[in-house]
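The sequence shown begins at 1 in the working numbering and counts up by one.
Backbone N, C-alpha and C fix where the C-beta goes; we use that ideal spot for every residue, glycine too.
Keep in mind it's a predicted model, so treat the numbers as computed, not measured.
Down below is the structure, laid out as structure tokens.
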Amino acid sequence: MMNSNFAAALAHLEQSGGRPEEFSVPFVEFLPITGAAVSTLGDVFGNETLSATDDRAARLDELQFDLGEGPCWDALRSARPVGTTFLRVEGRKRWPAFVGALEGEEVSSLFAFPLLVGALRIGAIDLYSREPMALNPDHEHRAAALAYVISRHVLRLALDEQAREESLQQPLSRRVVHQATGVVLAQLDLSPDDARLVIQGQAFATGRSMADVAEDVVAGRLRFTRRDDRIEVES
Numbered sequence: 001m002m003n004s005n006f007a008a009a010l011a012h013l014e015q016s017g018g019r020p021e022e023f024s025v026p027f028v029e030f031l032p033i034t035g036a037a038v039s040t041l042g043d044v045f046g047n048e049t050l051s052a053t054d055d056r057a058a059r060l061d062e063l064q065f066d067l068g069e070g071p072c073w074d075a076l077r078s079a080r081p082v083g084t085t086f087l088r089v090e091g092r093k094r095w096p097a098f099v100g101a102l103e104g105e106e107v108s109s110l111f112a113f114p115l116l117v118g119a120l121r122i123g124a125i126d127l128y129s130r131e132p133m134a135l136n137p138d139h140e141h142r143a144a145a146l147a148y149v150i151s152r153h154v155l156r157l158a159l160d161e162q163a164r165e166e167s168l169q170q171p172l173s174r175r176v177v178h179q180a181t182g183v184v185l186a187q188l189d190l191s192p193d194d195a196r197l198v199i200q201g202q203a204f205a206t207g208r209s210m211a212d213v214a215e216d217v218v219a220g221r222l223r224f225t226r227r228d229d230r231i232e233v234e235s
């Protein structure tokens, strides 16, 4: 169950956006973990740690970047949380190079939650503990809720940097994006802001303008659907 303190913190994060370097902080405030890191991964956004609560959390990210394996990569590829309570035992077969590189690091448990907006896979959040521990359903719910909000902030930052709004300068472009937002809103039962963000994310991921994606949505050539709590693209 979501307590009032967590609900208030989540609402504040959603409304304010916060500073990217502080995205990892709520995880250690509301989960029984030692540290956390938020990173982008993959070809679209590049490999970069945006926020880490401590040096060890940042090193765990860097090792996974360099080796190309680890919980954060698995979470990104599967679009699902990944983790292990006993990293050096359970993780050795799954991520042999990564676990082998952890010599001397005080890390017993490691979990990763994907950063997703629609079908766009942005990165992952790593959560580690010095002592063996497991995340219960409430912990998982909190981590997923924070990841949901942070995913959208990270995408908005990327979109701002890439100046993806240039196509909206023309009235016809604005009109078709507005129409497509309504279509996606109905398809996925989202708020208008989130429906628009799904369109932006698809444009960003495919290297197209937002207006082009919107035209495909309105024409029925592109459709978004929900499957197993994920948003997928059908064309």
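Endpoints, the beta strand (DSSP E) within which residue i is located
i           : result
residue 113 : 109-117
residue 83  : 82-84
residue 35  : 35-40
Distance, residue j Cα to residue i Cα
i           : j           : result
residue 100 : residue 45  : 27 Å
residue 14  : residue 149 : 6 Å
residue 178 : residue 10  : 28 Å
residue 25  : residue 119 : 26 Å
residue 156 : residue 111 : 25 Å
residue 54  : residue 6   : 22 Å
residue 128 : residue 209 : 38 Å
residue 130 : residue 182 : 47 Å
residue 36  : residue 191 : 29 Å
residue 135 : residue 219 : 44 Å
Among the options, nearest to residue i - alpha-carbon criterion
i           : options               : result
residue 65  : 47, 58, 74 and 76     : 47
residue 228 : 112, 78 and 86        : 78
residue 159 : 199, 147, 180 and 130 : 199
residue 147 : 4, 3 and 31           : 31
residue 143 : 90, 17 and 23         : 23
Where residue i falls: helix, strand or coil (DSSP)
i           : result
residue 53  : coil
residue 126 : strand
residue 181 : helix
residue 131 : coil
residue 121 : strand
Residue range of the unbroken alpha helix (DSSP H) whose run includes residue i
i           : result
residue 69  : Residue 69 -> no alpha helix (DSSP H), and no H or E assigned at all.
residue 206 : 192-206
residue 11  : 4-16
residue 30  : 25-30
residue 97  : 96-100
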